[in-house]
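Undergrad: First the structure, which I've put down as structure tokens, then a few questions once you've had a look.
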Amino acid sequence: MDFEPLIERKRRRFEELEREIAEPGLFDNAPRAREVLREHGSTRDLLDLWSRLSKARRELEENRELSAGADRELATMAVEEIPQLESAIPGLERAVLVALLPPEPDEDRDAIVEIRAGTGGTEAALFAADLFRMYGRYADSLGLRVEEMESSPADLGGLREVIFRISGASVFRRFRYESGVHRVQRVPATEAQGRIHTSTATVAVLPEAEEVDLELKPEDLRIEVCRAGGPGGQGVNTTDSAVQVLHIPTGRIVRCQDGRSQQKNKEAALKIMRSRLLEDKRREEEEKYSAHRRSLIGGGGREEKIRTYNFAENRVTDHRIKLSLYSLDRFLEGEIGSLVEALQTSDIEQRLRDAGMA
Numbered sequence: 170m171d172f173e174p175l176i177e178r179k180r181r182r183f184e185e186l187e188r189e190i191a192e193p194g195l196f197d198n199a200p201r202a203r204e205v206l207r208e209h210g211s212t213r214d215l216l217d218l219w220s221r222l223s224k225a226r227r228e229l230e231e232n233r234e235l236s237a238g239a240d241r242e243l244a245t246m247a248v249e250e251i252p253q254l255e256s257a258i259p260g261l262e263r264a265v266l267v268a269l270l271p272p273e274p275d276e277d278r279d280a281i282v283e284i285r286a287g288t289g290g291t292e293a294a295l296f297a298a299d300l301f302r303m304y305g306r307y308a309d310s311l312g313l314r315v316e317e318m319e320s321s322p323a324d325l326g327g328l329r330e331v332i333f334r335i336s337g338a339s340v341f342r343r344f345r346y347e348s349g350v351h352r353v354q355r356v357p358a359t360e361a362q363g364r365i366h367t368s369t370a371t372v373a374v375l376p377e378a379e380e381v382d383l384e385l386k387p388e389d390l391r392i393e394v395c396r397a398g399g400p401g402g403q404g405v406n407t408t409d410s411a412v413q414v415l416h417i418p419t420g421r422i423v424r425c426q427d428g429r430s431q432q433k434n435k436e437a438a439l440k441i442m443r444s445r446l447l448e449d450k451r452r453e454e455e456e457k458y459s460a461h462r463r464s465l466i467g468g469g470g471r472e473e474k475i476r477t478y479n480f481a482e483n484r485v486t487d488h489r490i491k492l493s494l495y496s497l498d499r500f501l502e503g504e505i506g507s508l509v510e511a512l513q514t515s516d517i518e519q520r521l522r523d524a525g526m527a
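Using this note's numbering, read the sequence shown as starting at 170 and increasing by one per residue.
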């Protein structure tokens with residue numbers, strides 16, 4: 170496949186972006202500035218990869234010619250460099266192919282993560298808390314910020330539900346593959362006969378919506394203030410700080426009560442509502458234009474079991490790519506990067522096949 174025409178268009182586009190960045194008024198429009206800078210960076214990276222690939226191809230051709238020449242000293246040097254160039258070129262070619270793929274929607278956004286205990290009673294709530302801790306440690310290792318927005322502790326320990334925000338660089342790109350049903354197999358502390366129980370928790374990872382993405386019209390919202398309930402002491406459940414937001418057109422309801430401030434709870438509730446509605450919109454588009462795409466990794470099939478955590482074997486298995494890692498203890502401490510990379514690689518392979526570029 171000849172990519173030269175496409176690369177040439179990218180070069181022209183890069184020049185256009187350079188001129189736009191130089192315009193003094195660009196940063197008056199923050200969303201547009203972010204979009205331009207993001208495209209500028211990805212286009213620059215693509216052109217750099219293409220330059221390195223072109224250089225390696227030229228050098229390989231030149232070394233092959235020199236290896237057959239009369240100058241034995243040059244021929245020997247050329248022969249020594251050929252294997253290194255031959256091994257480098259396929260990787261550069263693949264990197265160019267990946268860079269030519271259109272970016273996935275929302276991949277550079279922050280994320281809102283929702284974890285809910287599923288089947289399994291107390292054990293499911295404990296597992297939900299384990300997942301919350303695991304993602305927090307993984308985020309910390311990447312220098313990302315975790316902000317708890319809403320949580321509901323279970324009576325006997327663990328979490329019935331927790332919603333939190335992760336912010337930083339390329340958050341959704343890293344966490345998007347976590348959406349789905351997570352299954353745990355282990356012996357609960359209360360199990361006297363040592364029998365293994367199976368419990369589940371569901372994870373939903375939503376790209377954080379910005380106000381420019383989806384407008385929440387005041388007439389479509391019913392916002393109610395009420396007294397916070399549950400544990401809290403120090404006044405969290407003695408003041409009218411809890412906020413419940415109803416989105417009238419869809420019937421969606423979000424309630425936030427963790428913050429002491431009514432205003433903070435309102436802001437958090439609106440942020441969660443906006444992201445949930447954006448996710449609904451994205452899912453509708455996927456169903457309308459690409460039912461096939463929903464079956465791929467990250468398509469959001471939350472009804473399907475995506476991963477099993479088996480304590481007896483110290484094993485974590487991702488069923489989408491049929492990969493097992495025998496390091497569950499470290500995995501739950503937040504060392505999930507190798508599996509995330511494997512999921513990203515599998516997704517890229519599928520996208521290349523879909524684009525006819527595999």
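Glycine is no exception: its CB is placed at the ideal position from the N, C-alpha and C atoms.
(1) Would you list the residues sitting across from SER320 in a DSSP beta bridge?
(2) For VAL265, tell me which candidate among ARG227, GLU173, ILE284, GLU317 has the shortest Cα-Cα distance.
(3) Between the alpha carbons of ALA199 and GLU384, how many angstroms are there, rounded?
(4) Please classify GLY312: does DSSP put it in a helix, a strand, or coil?
(5) On the DSSP bridge list, what partners appear for LEU492?
(6) May I have the straight-line CA-CA distance separating THR245 from ASP214, to the nearest angstrom?
(7) Apart from the five residues just before and just after ASP409, which ones in its own chain have a Cβ nearer than 6 Å to its Cβ?
(8) Determine, using beta-carbon pairs with one atom in the segment 330-338 and one in the segment 301-319, whether at least three such pairs fall under 8 Å.
(9) Using a Cβ-Cβ cutoff of less than 6 Å, which residues in the same chain neighbour SER339 once the five nearest sequence positions on both sides are dropped?
(10) Take SER321 as the anchor and find which of ARG424, ILE517, TYR478 has the nearest alpha-carbon.
(11) By the DSSP assignment, the beta strand (DSSP E) with ILE190 in it spans what residues?
(12) If distances are taken between C-alpha atoms only, which option among GLU187, SER211, PHE341, THR371 comes closest to ARG537?
(13) Is it buried or exposed for ASP309, if we count other Cβ within 10 angstroms and need 16 for buried?
(14) Shortest alpha-carbon distance to ARG343 belongs to which of ASP275, PRO271, VAL412, GLY287?
(15) In this structure, does DSSP put GLU393 in helix, strand or coil?
(16) Going by C-alpha distance, which of LEU325, ALA202, ARG329, ILE422 is nearest ALA358?
(17) Alpha carbon to alpha carbon, what distance is there between ASN479 and LEU218?
(18) With DSSP as the reference, please indicate the residues paired to SER336 in a beta bridge.
(19) Can you give me the Cβ contacts of LEU254 inside the same chain, cut-off strictly under 7 Å, excluding the 5 residues immediately before and after it?
(20) Would you give the residue range spanned by the alpha helix (DSSP H) that ALA202 belongs to?
(21) Mind checking which residues open and close the beta strand (DSSP E) that includes GLU283?
(22) So the candidates are LEU300, ALA511, GLU502; which of them puts its Cα closest to the Cα of HIS488?
(23) Between the beta-carbon of SER211 and the beta-carbon of ALA297, is there less than 9 Å?
(24) Counting only the same chain and skipping the five closest in sequence on each side, list residues whose C-beta sits under 8 Å from that of GLU187.
(25) Short of 7 Å in beta carbon distance, which residues of its chain neighbour THR288, apart from the five on each side in sequence? Order them along the chain.
(26) Straight-line CA distance for THR477 to GLY194?
(27) I'd like to know whether the C-beta atoms of LEU508 and LEU494 end up nearer to each other than 9 Å.
(28) So is GLU292 buried or exposed if we call it buried at 16+ other beta carbons inside 10 Å?
(29) Using three-state DSSP, classify ARG364 as helix, strand or coil.
(30) Report back the beta-carbon spacing between ASP449 and PRO418 to the nearest angstrom; my notes put them in contact at under 8 Å.
(31) Name the residue from ASP523, SER348, ARG306 whose alpha carbon lies nearest to the alpha carbon of PHE500.
(32) What does the alpha-carbon distance come out to for the pair LEU300 and GLN354?
(33) Run the CB neighbour count on ARG345, radius 10 Å, all protein chains shown included, and call it buried at 16 or more, exposed below.
(34) At what residues does the alpha helix (DSSP H) containing LEU415 begin and finish?
(35) Would you mind sorting PHE341 into buried or exposed? The rule is 16 or more other CB atoms within 10 Å of its CB.
(36) Less than 8 Å between the CB of ARG306 and some heavy atom of the ligand SAM, yes or no?
TA: Short version:
(1) Along the sequence shown, one-based indexing puts residue 320 at 151. Paired residue(s): VAL331.
(2) Within the sequence shown, the letter at position 96 stands for residue 265. It is GLU173 whose Cα lies nearest to the Cα of VAL265.
(3) Numbered from 1 along the sequence shown, position 30 holds the residue referred to as residue 199. Numbered from 1 along the sequence shown, position 215 holds the residue referred to as residue 384. Roughly 17 Å separates the two Cα atoms.
(4) Position 143 of the sequence shown, counted from the first residue, corresponds to residue 312. In this structure, GLY312 counts as coil in the three-state DSSP scheme.
(5) Position 323 of the sequence shown, counted from the first residue, corresponds to residue 492. Beta-bridge pairing links LEU492 to ASP487.
(6) Stepping through the sequence shown from its first residue, residue 245 is reached at position 76. Stepping through the sequence shown from its first residue, residue 214 is reached at position 45. Taking the straight line from one Cα to the other gives about 34 Å.
(7) Residue mapping note: residue 409 aligns to position 240 of the sequence shown, counting from 1. Cβ neighbours of ASP409 beyond the five flanking positions: VAL394, ARG396.
(8) yes
(9) As a working mapping, residue 339 is identified with position 170 in the sequence shown. Closer than 6 Å at the Cβ level, and outside the excluded window around SER339, lie ASP277.
(10) Numbered from 1 along the sequence shown, position 152 holds the residue referred to as residue 321. Among ARG424, ILE517, TYR478, the Cα nearest to that of SER321 belongs to ARG424.
(11) As a working mapping, residue 190 is identified with position 21 in the sequence shown. ILE190 -> not in any beta strand (DSSP E); alpha helix (DSSP H) instead, spanning 173-191.
(12) Missing from the structure shown is residue 537; the chain here goes from 170 to 527 and no further.
(13) As a working mapping, residue 309 is identified with position 140 in the sequence shown. By the neighbour-count rule (16 or more Cβ atoms within 10 Å), ASP309 is not buried but exposed.
(14) Residue 343 sits at position 174 when you count from the first residue of the sequence shown. Of ASP275, PRO271, VAL412, GLY287, the residue nearest in Cα terms is ASP275.
(15) As a working mapping, residue 393 is identified with position 224 in the sequence shown. GLU393 falls in the strand class under three-state DSSP.
(16) The residue you call residue 358 lines up with position 189 of the sequence shown. That would be LEU325, whose Cα lies nearest to the Cα of ALA358.
(17) Stepping through the sequence shown from its first residue, residue 218 is reached at position 49. Stepping through the sequence shown from its first residue, residue 479 is reached at position 310. For LEU218 and ASN479, the distance between alpha carbons rounds to 41 Å.
(18) Reading the sequence shown from its first residue, position 167 is the one you call residue 336. Bridge partners of SER336: ARG314.
(19) Position 85 of the sequence shown, counting from 1, holds the residue named residue 254. Only ALA225, GLU228, LEU229, ASN232 meet the Cβ criterion.
(20) For the purposes of this step, residue 202 is taken as residue 33 along the sequence shown, with counting starting at 1. Where ALA202 is concerned, the enclosing alpha helix (DSSP H) stretches over 199-236.
(21) In the sequence shown, counting from the first residue as 1, residue 283 sits at position 114. Start and end: 280-286.
(22) For the purposes of this step, residue 488 is taken as the residue at position 319 of the sequence shown. The option with the nearest alpha carbon to HIS488 is ALA511.
(23) In the sequence shown, counting from the first residue as 1, residue 211 sits at position 42. In the sequence shown, counting from the first residue as 1, residue 297 sits at position 128. Cβ distance not < 9 Å, so SER211 and ALA297 don't count as in contact.
(24) Your numbering for residue 187 matches position 18 in the sequence shown. Within the same chain, GLU187 has close Cβ partners HIS209.
(25) Within the sequence shown, numbered from 1, the residue matching residue 288 stands at position 119. If we look at THR288 and ignore the five residues flanking it on each side, its Cβ neighbours are SER368, THR369.
(26) Position 308 of the sequence shown holds residue 477. Position 25 of the sequence shown holds residue 194. Near 51 Å, if we compare the C-alpha coordinates of GLY194 and THR477.
(27) Start at 1 with the first residue of the sequence shown, and residue 508 comes out as number 339. Start at 1 with the first residue of the sequence shown, and residue 494 comes out as number 325. Their beta carbons are under 9 Å apart, which means LEU508 touches LEU494 by this criterion.
(28) For the purposes of this step, residue 292 is taken as residue 123 along the sequence shown, with counting starting at 1. Buried, by the Cβ-count rule.
(29) By 1-based counting over the sequence shown, the position of residue 364 is 195. Three-state DSSP puts ARG364 in coil, outside helix and strand.
(30) The sequence position of residue 449 within the sequence shown is 280, counting from 1. The sequence position of residue 418 within the sequence shown is 249, counting from 1. Incorrect: roughly 11 Å between the Cβ atoms, too far for contact.
(31) Residue mapping note: residue 500 aligns to position 331 of the sequence shown, counting from 1. Checking every option, the nearest Cα to that of PHE500 belongs to ARG306.
(32) Mapped onto the sequence shown, residue 300 falls at position 131. Mapped onto the sequence shown, residue 354 falls at position 185. Roughly 14 Å between the two C-alpha positions.
(33) Residue mapping note: residue 345 aligns to position 176 of the sequence shown, counting from 1. Per the 10 Å Cβ criterion, buried.
(34) Indexing the sequence shown from 1 puts residue 415 at position 246. Run containing LEU415: none in the alpha helix (DSSP H); it sits in the beta strand (DSSP E), 411-416.
(35) As a working note, residue 341 is residue 172 in the sequence shown. So PHE341 ends up on the buried side.
(36) Looking at this structure, you won't find the ligand SAM or any other ligand, since it has none at all.
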